[in-house]
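K.L.:
Before I ask anything, here is the structure I am working with.
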Amino acid sequence: MKVKVGINGYGTIGKRVATAVNQQDDMEIIGITKTRPTYEARDAVRQGYPVYVPAESMDAFKDAGIPVAGTIDDMIKAADIIVDCTPGKLAEEYKAKYAAAGKKAIWQGGEDHSLTGISFNATANYSESWGAQFSRVVSCNTTGLLRTLFNIDKNFKIKNAYVTLIRRSADPNDSKNGPINAIEPSVKLPTHHGPDVQSIMPWLSINTMAVKVPTTLMHVHTIVAELGSEVTTEQVKEVIKACPRVRLVKSKEGIKSTAQIMDLARELGRTRGDMFEIVVWEDGIKMVGNVLYYYQAVNQESDVIPENVDCIRSMCKLEKDAAASIAKTNKAMGI
Ligand SMILES: NC(=O)c1ccc[n+]([C@@H]2O[C@H](COP(=O)([O-])OP(=O)(O)OC[C@H]3O[C@@H](n4cnc5c(N)ncnc54)[C@H](OP(=O)(O)O)[C@@H]3O)[C@@H](O)[C@H]2O)c1
11 MKVKVGINGY
21 GTIGKRVATA
31 VNQQDDMEII
41 GITKTRPTYE
51 ARDAVRQGYP
61 VYVPAESMDA
71 FKDAGIPVAG
81 TIDDMIKAAD
91 IIVDCTPGKL
101 AEEYKAKYAA
111 AGKKAIWQGG
121 EDHSLTGISF
131 NATANYSESW
141 GAQFSRVVSC
151 NTTGLLRTLF
161 NIDKNFKIKN
171 AYVTLIRRSA
181 DPNDSKNGPI
191 NAIEPSVKLP
201 THHGPDVQSI
211 MPWLSINTMA
221 VKVPTTLMHV
231 HTIVAELGSE
241 VTTEQVKEVI
251 KACPRVRLVK
261 SKEGIKSTAQ
271 IMDLARELGR
281 TRGDMFEIVV
291 WEDGIKMVGN
301 VLYYYQAVNQ
311 ESDVIPENVD
321 CIRSMCKLEK
331 DAAASIAKTN
341 KAMGI
C-alpha cells in the first residue's frame with residue numbers, strides 16, 4: 011500500500027514535491043489544493059491531480075470550468091500525510107486542522123523550527139523524524155549548508171564557519187519582488203541562517219551574513235571554515251565529492267556561473283530544468299593552513315524537493331536507513 015500524500019499549497023515548492031512523490035513506488039499524490047483558479051490549477055488538472063479548494067472558492071472554480079474534487083478539509087481527511095507548501099502565516103491554522111484530523115504533516119523552511127520542534131535534513135538527521143507527526147524540511151539555503159558542512163564537520167571538525175549568502179531576489183515565475191537593479195544587505199545580523207543550521211547541528215559554530223542580488227536562478231554561498239586540523243585541499247575535495255546530493259563542477263570546464271549550472275540542469279533533462287544537487291566549484295575549493303574556502307550554488311526552487319520525499323519516508327516509517335532512502339529517492343528522480 012502506497013502512502014497517500016496531499017499537497018497543501020501548489021506553488022513553486024508544492025508542484026515540485028507532487029512530481030517527486032509521484033515518481034516514487036512507495037507513495038502517491040491523492041490531491042493538491044488551490045485557492046484561486048489560476049493557470050496552475052488548470053495545469054494540475056491536466057497532470058491528473060485531484061484539485062481541492064476552500065469551500066468559499068467552489069463557485070470561482072466552477073465558473074472557470076476547473077473540476078474540483080472537494081474541499082481542503084476533504085483532502086486532509088483522505089491523506090495519510092500532508093506536505094504543507096503554503097506561504098507564511100498559515101501554519102498555525104493548518105496545524106490545528108491536521109492535528110484535529112490526526113494526520114501527519116511536513117512544513118517548509120519559511121516556518122520556524124518551534125512550529126514542529128523537529129527539523130529535517132536527510133544527510134544530517136533522517137532518523138529524528140522517524141514516526142513523527144509533524145516535521146519541517148529546512149529552507150533551501152539551510153539545506154545547502156547542511157549538505158556540505160555536515161560531512162566536513164564529521165571528518166575534520168569545524169571550529170568556526172563564516173558564510174556569506176548571496177541570495178536570488180525572486181523566483182523565475184515571480185514578477186512582484188526585487189530588487190531588480192540594486193544589492194540589498196540584510197542588516198539584522200547575524201542573519202537567521204546560522205541559527206537555522208543549528209536547529210539540526212546545534213554544536214556547530216556558524217556565523218552568517220546575506221545580501222540580495224538581482225537574479226532569479228540560484229543562491230551562491232561563500233564559505234570560510236576554520237577546521238580542527240591542517241588537512242589538504244585534496245582530502246577536503248574527496249569528502250565534498252562523497253556528500254549525497256552534492257555535484258562538483260569546474261570553472262575551467264566552462265561552468266563559471268549559475269547561468270551555466272542551470273543550463274547543465276536543462277541538458278541533463280531534469281523536470282522543469284531543476285538542479286536538485288548543491289553545486290560546488292571544485293577548482294574553488296582551497297585549504298590554507300587550517301582554513302577552508304569554497305563556493306557553492308543552491309537552486310532554491312528544487313534542492314529541498316528530494317528532502318521532502320525522504321522526510322515522508324522517515325515520518326511514515328517506510329525505510330529505516332537514511333542512505334537507502336536517499337538512494338531510492340535519487341534513483342526515482344534521476345539524481
Ligand atoms: N521558493 C523558494 O525558493 C523556496 C525554497 C525553499 C523553501 N521555500 C518555502 O516553501 C514554502 C512555500 O513557498 P513557495 O515558494 O512554494 O510559495 P509560492 O510559490 O508562493 O506557493 C505557495 C502557494 O500556496 C497557495 N496558497 C495561498 N494561500 C493558501 C491557503 N490559504 N491554503 C492553501 N494554499 C494557499 C498559493 O496558491 P493559490 O493561492 O493560488 O492557491 C501559492 O501558489 C514557504 O515556507 C517557503 O519559505 C520556498
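In this note's numbering, the protein residues as written are 11 to 345.
Beta carbons: idealized from backbone N, C-alpha and C, even for Gly.
From a predicted model like this one, the values you see are computed outputs, not experimental measurements.
Quick check on DSSP: helix, strand or coil for S129?
P.N.:
On the sequence shown, position 119 is the one that residue 129 refers to. In this structure, S129 counts as strand in the three-state DSSP scheme.
K.L.:
Whole angstroms is fine: what's the gap from I39's alpha carbon to L302's?
P.N.:
Mapped onto the sequence shown, residue 39 falls at position 29. Mapped onto the sequence shown, residue 302 falls at position 292. Roughly 43 Å separates the two Cα atoms.
K.L.:
How about the segment 185 to 193 and the segment 145 to 157: do they share at least three Cβ pairs that are nearer than 8 Å?
P.N.:
no
K.L.:
Give me the residue from A101, A79, K266 with the minimum Cα distance to Q118.
P.N.:
For the purposes of this step, residue 118 is taken as residue 108 along the sequence shown, with counting starting at 1. For the residues A101, A79, K266, the minimum Cα distance to Q118 belongs to A101.
K.L.:
Taking the alpha-carbon of K44 as reference, which of G238, V61, V31, D36 has the nearest alpha-carbon?
P.N.:
Mapped onto the sequence shown, residue 44 falls at position 34. Nearest of G238, V61, V31, D36 to K44, Cα basis: V61.
K.L.:
Would you say the segment 330 to 339 touches the segment 260 to 272, given that touching needs at least three Cβ pairs under 8 Å?
P.N.:
no
K.L.:
Which stretch, first to last residue, makes up the alpha helix (DSSP H) that contains H203?
P.N.:
Counting from 1 along the sequence shown, the entry for residue 203 is found at position 193. Run containing H203: 203 to 208, per the alpha helix (DSSP H) assignment.
K.L.:
Is the segment 129 to 145 touching the segment 180 to 188 in the sense that three or more CB pairs, one from each, lie closer than 8 Å?
P.N.:
no
K.L.:
Compute the distance between the beta-carbons of H203 and V308, then report whether it is under 7 Å.
P.N.:
Indexing the sequence shown from 1 puts residue 203 at position 193. Indexing the sequence shown from 1 puts residue 308 at position 298. Their beta carbons are not under 7 Å apart, which means H203 does not touch V308 by this criterion.
K.L.:
Say yes only if the C-beta of L278 is nearer than 6 Å to one or more non-hydrogen atoms of ligand 1, and no if none qualify.
P.N.:
Residue 278 sits at position 268 when you count from the first residue of the sequence shown. Flag unset: Cβ of L278 not near ligand 1.
K.L.:
Can you tell me whether DSSP reads G119 as helix, strand or coil?
P.N.:
Your numbering for residue 119 matches position 109 in the sequence shown. Correct three-state label for G119: coil.
K.L.:
Among all the DSSP beta bridges, which residues are the ones paired with G16?
P.N.:
For the purposes of this step, residue 16 is taken as the residue at position 6 of the sequence shown. According to DSSP, which records beta bridges pairwise, G16 is partnered with G41, I92.
K.L.:
Scan the segment 237 to 275 and note each continuous beta strand (DSSP E) run of 3 residues or more that stays entirely inside, going in chain order.
P.N.:
256 to 259
K.L.:
Based on DSSP bridge pairs, tell me the residues matched to R177.
P.N.:
Locating residue 177 in the sequence shown gives position 167, where the first residue counts as 1. According to DSSP, which records beta bridges pairwise, R177 is partnered with K222.
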